[in-house]
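Peer 1: One structure coming up, written as structure tokens, with questions to follow.
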Amino acid sequence: MAVLLALFSIALAAQDATPDQLFQSGIEAQQHGDFSTAIRDYRKVLEQRPDDVQAKVNLGAALAHVGQFDEAIATYRSALPSLKDKNPVLLNLALAYYKKGDFENAREQFEILRDARPSDVRIAILLGDSDLRVGKPDAAIQLLEPLAARNSQNMDFEYVWGSALIKSGRRREGVPHIEKVAQSGPSADAYLLAGATLLDLNEFEQARKDLEEALRLNSSLPDIYTLVGTARDKTGDVQNAEPAFREALKRNPDDFEANLYLGAILYKRREMDSAKAYLDRALQLKPADSMARYESAMLKSTSGDYQAAAQQLEQLAKDDPNWLEPHVELAALYYRLHRPEDGAKERQTVDRLTAEQQTKGPGKN
Amino acid sequence: MPLVPRRTATASLLVVAVALLLHAAPAASPIRFELKRIPFHLENDETPARNAPETMPGGVAVFDYNGDGRPDIFFTNGANIATLKKDAPKYRNRLFRNDGNGVFTDVTDTAGLAGTGYDMGVAVGDYNNDGHPDLFVAGLHHSTLYHNNGDGTFTDVTVKSGLDASLNRPDSEFGPYWAITAAWVDVNNDGLLDLFVVNYMQWTYSAEPLCGFKGVGDYCHPKFYKGQPNQLFLNNGDGTFKEVSKEWGLREHVGKGMGVGVADYDLDGRQDLFVTNDSTYNSLFHNLGKKFEEVAFETGVALPEDGAFISGMGLDFRDFNNDGYPDIAFVALNNQTFPLFLNTGKGAFREVTTETGMHDASLGDTGFGAGLYDFDNDGWKDLFVSGGHVQSISMPGQPVDRYNMVFRNPGASGKWVALTEEAGFGAATPARHRGCAFGDFDGDGRVDVVVTALGQDAEIWMNRSEQSGHWLDLALRGTKSNRDGIGARIKLVTKSGPQYNHMTTSVGYASSSDGPVHFGLGPDKRADLIEIHWPSGIVQTLKDVPADQVLSVVEPSH
Chain E
4 MAVLLALFSI ALAAQDATPD QLFQSGIEAQ QHGDFSTAIR DYRKVLEQRP DDVQAKVNLG
64 AALAHVGQFD EAIATYRSAL PSLKDKNPVL LNLALAYYKK GDFENAREQF EILRDARPSD
124 VRIAILLGDS DLRVGKPDAA IQLLEPLAAR NSQNMDFEYV WGSALIKSGR RREGVPHIEK
184 VAQSGPSADA YLLAGATLLD LNEFEQARKD LEEALRLNSS LPDIYTLVGT ARDKTGDVQN
244 AEPAFREALK RNPDDFEANL YLGAILYKRR EMDSAKAYLD RALQLKPADS MARYESAMLK
304 STSGDYQAAA QQLEQLAKDD PNWLEPHVEL AALYYRLHRP EDGAKERQTV DRLTAEQQTK
364 GPGKN
Chain S
24 MPLVPRRTAT ASLLVVAVAL LLHAAPAASP IRFELKRIPF HLENDETPAR NAPETMPGGV
84 AVFDYNGDGR PDIFFTNGAN IATLKKDAPK YRNRLFRNDG NGVFTDVTDT AGLAGTGYDM
144 GVAVGDYNND GHPDLFVAGL HHSTLYHNNG DGTFTDVTVK SGLDASLNRP DSEFGPYWAI
204 TAAWVDVNND GLLDLFVVNY MQWTYSAEPL CGFKGVGDYC HPKFYKGQPN QLFLNNGDGT
264 FKEVSKEWGL REHVGKGMGV GVADYDLDGR QDLFVTNDST YNSLFHNLGK KFEEVAFETG
324 VALPEDGAFI SGMGLDFRDF NNDGYPDIAF VALNNQTFPL FLNTGKGAFR EVTTETGMHD
384 ASLGDTGFGA GLYDFDNDGW KDLFVSGGHV QSISMPGQPV DRYNMVFRNP GASGKWVALT
444 EEAGFGAATP ARHRGCAFGD FDGDGRVDVV VTALGQDAEI WMNRSEQSGH WLDLALRGTK
504 SNRDGIGARI KLVTKSGPQY NHMTTSVGYA SSSDGPVHFG LGPDKRADLI EIHWPSGIVQ
564 TLKDVPADQV LSVVEPSH
């Protein structure tokens with residue numbers, strides 16, 4: 004009863020407060036991290052003084068802080084026309100869009116700010132990152148490249164710059180920047196990005212080092228177990244790849260890569276039933292995937308189902324006539340299926356494809 | 024308190040003691056080797072550029088060059104990779120005379136076998152039937168035939184024999200030949216050993232690395248190089264040879280030959296050849312008498328069961344299941360297994376790598392040389408493998424330096440078991456082992472092994488298997504057939520059953536083993552029957568032969 008009475012008296016006091024008092028109370032609440040009280044107070048100020056720009060700005064900041072980005076954005080926008088110096092609020096607006104995940108609009112606001120404050124590297128970083136997030140890595144490169152030399156010790160800059168290089172296809176250039184960020188943190192995200200990129204570049208040993216470090220720092224990173232498993236597998240450490248893929252599948256049974264790799268590992272170990280289950284699942288998830296179809300065909304061939312294996316390989320060869328491996332096995336399979344003429348034709352195809360590899364020669368691949 | 028009779032108490036103590044002993048000392052490995060060193064250092068001139076040939080030496084031969092009954096050892100060696108010349112003494116090939124009691128003496132200079140080029144492999148055979156085994160040394164762009172003069176010296180007869188013109192001059196289509204190894208085999212059953220040369224691929228020197236990792240050079244995958252065909256030289260019987268590669272149907276089969284095994288797989292009386300190729304299909308050359316037909320696909324040995332190209336290396340082509348038909352075992356890199364192909368007896372082979380346990384036992388292993396010998400004399404041939412990777416940079420989980428290993432054949436049932444530490448191979452540090460050759464260096468009836476390793480001293484592994492059974496070695500001397508008896512098929516029957524072997528010196532990787540034909544007899548103290556099918560067609564029968572001896576057998580006149 005005493006508590007109810009106390010609350011009632013506080014409500015009465017709020018009703019009686021002047022806009023200035025409410026504004027001050029809002030600021031204090033905001034400073035103490037009590038954003039709901041701050042929002043309530045600023046709204047009351049605006050009920051009484053709808054054009055109070057400062058209240059709008061503060062309300063926008065409080066709303067953004069609690070994740071109510073749409074209302075925060077609307078509030079900032081309503082404040083902007085009345086402001087002489089728009090840049091601080093434009094930055095807040097841009098950040099609200101950025102945090103909301105609306106990177107197109109964030110870009111738009113950051114571009115305005117960049118034009119106004121071209122030497123502000125923070126704006127460049129955020130604009131560059133927004134460029135990357137909307138799939139415009141070349142725009143990010145154009146923006147960041149002139150700034151790269153003098154910001155090499157700014158790890159935020161390095162991360163975005165390295166990411167831009169990677170996403171624009173300059174992966175070998177980008178990885179050292181990301182690895183620098185990773186080591187300076189240490190940052191699990193940066194290790195993850197560096198490792199995943201190196202994996203794509205077939206630089207498996209270093210990829211594995213980075214990914215193992217990412218896993219050590221944060222085992223909750225998305226796809227980390229699959230990536231670590233892949234790196235282990237590619238470096239020949241099948242024994243330790245297997246538990247990583249199993250862990251990945253524990254977290255997400257529909258992880259295509261983990262199903263495929265684990266199936267292939269088990270097939271290699273001739274645990275045929277288990278291998279088949281994982282490869283079948285991989286095929287269900289991505290029926291058109293070439294590797295899943297190839298592994299499945301190999302399993303059928305080793306199991307003695309030559310006819311089915313041949314059919315599957317024929318389809319793969321049809322889809323990608325220059326992929327050597329299906330032809331290699333098809334040639335042998337045709338002889339087993341008593342189709343020597345077809346086998347001879349496949350051997351010719353294998354000879355042609357291997358000759359093309361040889362024409363390139365070592366060091367040109 | 025009940026009284027315990029003294030006798031019972033003693034028995035209890037004995038039981039405890041036996042139990043303690045069992046726990047303290049694990050059961051001894053049925054096959055066990057002891058390491059001996061021999062002062063031969065394999066110099067491959069490994070450069071930062073990692074030219075492909077630098078990872079390919081070196082072969083080794085076991086043969087009795089001076090006829091004293093003790094097997095001697097010949098090693099091939101590298102050279103300056105840029106010039107392909109042995110421009111320093113360290114590159115000399117070596118011949119070590121077995122003086123008995125474990126003493127080997129370097130007699131290279133006296134013998135005249137130091138060589139001149141970047142040598143790879145070696146094949147032993149008495150090509151002129153004079154009773155003195157001769158040497159063919161396969162090399163990079165230059166191979167050599169040495170005639171054994173019978174007085175402890177050899178003469179380079181490469182030019183005189185007519186081989187130089189075909190072997191050591193660039194081919195118009197395939198360039199200079201890179202011979203890895205060779206086989207002496209009488210392909211036309213005329214009593215003269217012919218020469219089959221295994222060629223690898225087309226290569227030219229580079230001072231800069233063409234492949235590698237993060238700027239550090241490593242060996243390029245063979246898929247980037249063009250292959251070369253193998254060659255056949257018929258023995259004219261007058262010290263000269265004639266190349267018949269085209270006429271015998273070999274030139275059209277371009278491969279990347281690594282190893283060759285000789286056996287009559289279909290028992291038609293003619294010697295066939297199985298060739299492992301690096302990262303392409305294997306070849307099985309079926310001998311039709313006047314030419315070969317390549318039948319690897321038809322017989323099911325072109326590709327292992329995984330359906331992908333593997334790095335086929337050293338091999339042996341012998342009957343490992345004692346059914347009278349020669350089978351095939353060869354080795355490859357890790358994750359490729361060491362495939363076993365069982366001869367069905369119907370002109371084809373069936374891969375049994377998985378069902379024999381060899382798949383699981385070898386999946387993580389990497390080998391170069393291989394040989395099927397009965398190391399514990401139990402009547403079943405085991406597989407020795409010299410371990411080592413082709414690459415020079417280790418990856419996690421993929422060390423390039425490896426131990427040697429032996430896979431024990433369980434006999435009629437059970438799975439093959441890999442023995443490494445148990446067999447004593449942990450006594451040497453892991454290395455990039457290459458060639459291996461086999462012979463009984465100390466005459467104790469147990470087959471010993473000599474192994475080379477890149478940039479290392481060679482290893483001699485003396486067979487010290489404690490539970491070794493009885494044995495019988497047959498030293499053949501052909502009269503109508505070639506003098507070495509190469510190609511002779513032998514059936515030996517004891518109380519435990521029949522087993523089979525044949526005479527060949529082509530075993531392993533780039534290596535040659537010219538010992539008597541070895542049989543382990545297990546518990547049997549005699550062979551009830553020995554049946555020798557000579558290449559001439561003559562069948563010789565011996566009965567009731569005591570075990571534990573080297574028996575000289577001369578081919579009868581009819």
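Sequences listed follow chains E and S, in order. Per the working numbering, numbering through the first sequence is continuous, rising by one, with the last residue being 368. Per the working numbering, numbering through the second sequence is continuous, rising by one, with the last residue being 581. Just so you know, even glycine gets a beta-carbon here, dropped at the ideal spot from N, CA and C. Everything numeric in this text was worked out from a predicted model, so none of it was measured.
Quick check on the burial criterion: 16 or more other C-beta atoms within 10 angstroms. Buried or exposed for S:P149?
Peer 2: One-based indexing of the second sequence puts residue 149 of chain S at position 126. The sequence given here places Asp at residue 149 of chain S; Pro does not occur at that position. Flag for S:D149 reads buried.
Peer 1: Span of the alpha helix (DSSP H) holding E:R219?
Peer 2: Looking up residue 219 of chain E in the first sequence gives position 216. Per DSSP, E:R219 belongs to the alpha helix (DSSP H) from F207 to L220.
Peer 1: Counting only beta-carbon separations shorter than 8 Å, does S:C459 have a partner in chain E?
Peer 2: Looking up residue 459 of chain S in the second sequence gives position 436. It does not; no Cβ of chain E falls within 8 Å.
Peer 1: Using a C-beta to C-beta distance shorter than 8 Å, which residues of chain B count as neighbours of S:K246?
Peer 2: The structure shown contains no chain B; the protein chains it does contain are E and S.
Peer 1: Please compile the residues from chain S whose C-beta is within a distance smaller than 7 Å of the C-beta of E:M301.
Peer 2: For the purposes of this step, residue 301 of chain E is taken as residue 298 along the first sequence, with counting starting at 1. In chain order: D329 and G330.
Peer 1: With a threshold of 8 Å, are at least 3 pairs of Cβ atoms found where one atom belongs to the region 178 to 192 of chain S and the other to the region 249 to 267 of chain S?
Peer 2: As far as the Cβ criterion goes, the region 178 to 192 of chain S touches the region 249 to 267 of chain S, which means the pair count is three or higher.
Peer 1: Can you say whether E:T357 is buried or exposed, counting buried as having 16 or more other CB atoms within 10 angstroms of its CB?
Peer 2: For the purposes of this step, residue 357 of chain E is taken as the residue at position 354 of the first sequence. Result: buried.
Peer 1: Can you give me the start and stop residues for the beta strand (DSSP E) that S:G125 sits inside?
Peer 2: The count along the second sequence starts at 1 and reaches residue 125 of chain S at position 102. First-last for S:G125: undefined, no H or E at that position.
Peer 1: Am I right that S:Y426 and S:G449 are in contact with their C-beta atoms under 8 Å? What's the rounded C-beta distance?
Peer 2: Here residue 426 of chain S is taken as the residue at index 403 of the second sequence, counted from 1. Here residue 449 of chain S is taken as the residue at index 426 of the second sequence, counted from 1. About 7 Å; that satisfies the 8 Å criterion.
Peer 1: Please compile the residues from chain S whose C-beta is within a distance smaller than 8 Å of the C-beta of E:G323.
Peer 2: By one-based count along the first sequence, residue 323 of chain E stands at place 320. In the sequence as displayed, the identity of residue 323 of chain E is Asp instead of Gly. Within 8 Å Cβ-Cβ: nothing; E:D323 doesn't reach chain S, min ~16 Å.
Peer 1: Would you report the Cα separation of S:D295 and S:V147, rounded to the nearest angstrom?
Peer 2: Mapped onto the second sequence, residue 295 of chain S falls at position 272. Mapped onto the second sequence, residue 147 of chain S falls at position 124. Near 18 Å, if we compare the C-alpha coordinates of S:V147 and S:D295.
Peer 1: In the structure shown, what three-state DSSP assignment does E:I76 receive?
Peer 2: Working through the first sequence from its first residue, we reach residue 76 of chain E at position 73. Of the three classes helix, strand and coil, the one that applies to E:I76 here is helix, per DSSP.
Peer 1: To the nearest angstrom, how far is it from the Cα of S:K313 to the Cα of S:L307?
Peer 2: Taking the second sequence and counting its residues from 1, the one referred to as residue 313 of chain S is at position 290. Taking the second sequence and counting its residues from 1, the one referred to as residue 307 of chain S is at position 284. Computed Cα separation, rounded: 16 Å.
Peer 1: Assess contact between the region 50 to 58 of chain S and the region 107 to 116 of chain S, defined as three or more Cβ pairs (one per stretch) separated by less than 8 Å. Is contact present?
Peer 2: Verdict: no, contact absent.
Peer 1: Where DSSP assigns a beta bridge to S:P569, which residues make up the other side?
Peer 2: As a position in the second sequence, residue 569 of chain S is number 546, starting the count at 1. DSSP output for S:P569 lists S:R549 as bridge partner(s).
Peer 1: Say whether chain E places a C-beta atom closer than 8 Å to the C-beta of S:K314.
Peer 2: Start at 1 with the first residue of the second sequence, and residue 314 of chain S comes out as number 291. Chain E, which has no Cβ nearer than 8 Å to the Cβ of S:K314, makes this no.
Peer 1: If we call anything under 8 Å between Cβ atoms a contact, is E:A285 one with E:A295?
Peer 2: Here residue 285 of chain E refers to the residue found at position 282 when the first sequence is read from its first residue. Here residue 295 of chain E refers to the residue found at position 292 when the first sequence is read from its first residue. It is a contact, given that the beta carbons lie within the stated cut-off.
Peer 1: Quick check on DSSP: helix, strand or coil for S:R373?
Peer 2: Reading the second sequence from its first residue, position 350 is the one you call residue 373 of chain S. S:R373 falls in the strand class under three-state DSSP.
Peer 1: Does the count of Cβ pairs from the region 229 to 237 of chain S and the region 205 to 220 of chain S closer than 8 Å reach three?
Peer 2: As far as the Cβ criterion goes, the region 229 to 237 of chain S does not touch the region 205 to 220 of chain S, which means the pair count is below three.
Peer 1: Within the same chain, show all residues whose beta-carbon is closer than 7 Å to that of E:S133, passing over the 5 residues directly before and after it, in chain order.
Peer 2: Numbered from 1 along the first sequence, position 130 holds the residue referred to as residue 133 of chain E. So the list reads Y101, F106, A109, R110 and F113, once near-sequence residues are dropped.
Peer 1: In the region 236 to 309 of chain E, which residue ranges form an unbroken alpha helix (DSSP H) of at least 4 residues, counting only runs that do not cross its ends?
Peer 2: DSSP runs (the alpha helix (DSSP H)) wholly in the region 236 to 309 of chain E: 241 to 254, 259 to 271, 275 to 288 and 293 to 305.
Peer 1: Report yes or no: is there a C-beta of chain S within less than 8 Å of the C-beta of E:S304?
Peer 2: Counted from its first residue, the first sequence places residue 304 of chain E at position 301. Cβ-Cβ to chain S under 8 Å: yes for E:S304.
Peer 1: Give the residues of chain S in contact with E:Y338, contact being defined as C-beta atoms less than 7 Å apart.
Peer 2: Residue mapping note: residue 338 of chain E aligns to position 335 of the first sequence, counting from 1. Result: F320 and E321.
Peer 1: Can you tell me whether S:H46 is buried or exposed? The criterion is at least 16 other CB atoms within 10 Å of its CB, across all chains shown.
Peer 2: For the purposes of this step, residue 46 of chain S is taken as the residue at position 23 of the second sequence. Here the model assigns S:H46 a pLDDT of 41, short of 50, so the residue's position is not dependable, and the following value carries that caveat. With fewer than 16 other Cβ atoms within 10 Å, it is exposed.
Peer 1: If you drop the 5 nearest sequence neighbours on each side, which residues of the same chain put their C-beta closer than 8 Å to that of E:R52?
Peer 2: Here residue 52 of chain E refers to the residue found at position 49 when the first sequence is read from its first residue. Same-chain partners within the cutoff: P22 and A58.
Peer 1: What do you get for S:Y90, buried or exposed, if any count of 16 or more other CB atoms within 10 angstroms of its CB means buried?
Peer 2: The residue you call residue 90 of chain S lines up with position 67 of the second sequence. Checking the displayed sequence, the identity of residue 90 of chain S turns out to be Gly instead of Tyr. That one is exposed.
Peer 1: Whole beta strand (DSSP E) runs in the region 95 to 128 of chain E with 3 or more residues, listed along the chain?
Peer 2: Segments of the beta strand (DSSP E) lying fully in the region 95 to 128 of chain E: there are none.
Peer 1: Give a yes or no on whether the minimum CB-CB distance between S:N357 and chain E is below 8 Å.
Peer 2: Residue mapping note: residue 357 of chain S aligns to position 334 of the second sequence, counting from 1. Yes, because at least one Cβ of chain E sits closer than 8 Å to the Cβ of S:N357.
Peer 1: Rank S:V83, S:D129, S:F372 and S:E66 by C-alpha distance to the C-alpha of S:S535 and give the top, closest one.
Peer 2: To locate residue 535 of chain S, count along the second sequence from 1; it is residue 512. Among S:V83, S:D129, S:F372 and S:E66, the Cα nearest to that of S:S535 is on S:V83.
Peer 1: Given a threshold of 16 other Cβ atoms within 10 Å of its Cβ, counted over all protein chains shown, does S:G81 qualify as buried or as exposed?
Peer 2: On the second sequence, position 58 is the one that residue 81 of chain S refers to. Buried, since its Cβ has 16 or more Cβ neighbours within 10 Å.
Peer 1: May I have the straight-line CA-CA distance separating S:L44 from S:A446, to the nearest angstrom?
Peer 2: Translated into positions along the second sequence, residue 44 of chain S becomes position 21. Translated into positions along the second sequence, residue 446 of chain S becomes position 423. With a pLDDT of only 38 at S:L44, under 50, the local geometry of the prediction cannot be trusted, and no value is derived from it.
Peer 1: Going by C-alpha to C-alpha distance, which of S:V145, S:G175, S:H165 and S:T139 sits closest to S:H155?
Peer 2: Residue mapping note: residue 155 of chain S aligns to position 132 of the second sequence, counting from 1. Looking at the Cα atoms, S:G175 is the closest of the given residues.
Peer 1: Beta-carbon of S:T303 versus every beta-carbon of chain E: anything under 8 Å?
Peer 2: Walking along the second sequence from the start, residue 303 of chain S turns up at place 280. It does; some Cβ of chain E falls within 8 Å.
Peer 1: Could you tell me which whole alpha helix (DSSP H) segments of length 4 or greater appear in the region 130 to 197 of chain E?
Peer 2: Here the runs fully enclosed are 140 to 151, 158 to 170 and 174 to 187.
Peer 1: Mind reading off the beta-carbon distance from S:S334 to S:R55? Whole number of angstroms is fine, and I expect it under 8 Å.
Peer 2: Here residue 334 of chain S refers to the residue found at position 311 of the second sequence. Here residue 55 of chain S refers to the residue found at position 32 of the second sequence. So it is not a contact: roughly 30 Å between Cβ atoms.
Peer 1: For a minimum of 4 consecutive residues, which ranges assigned as the alpha helix (DSSP H) are wholly contained in the region 375 to 419 of chain S?
Peer 2: Correct list: 381 to 385.
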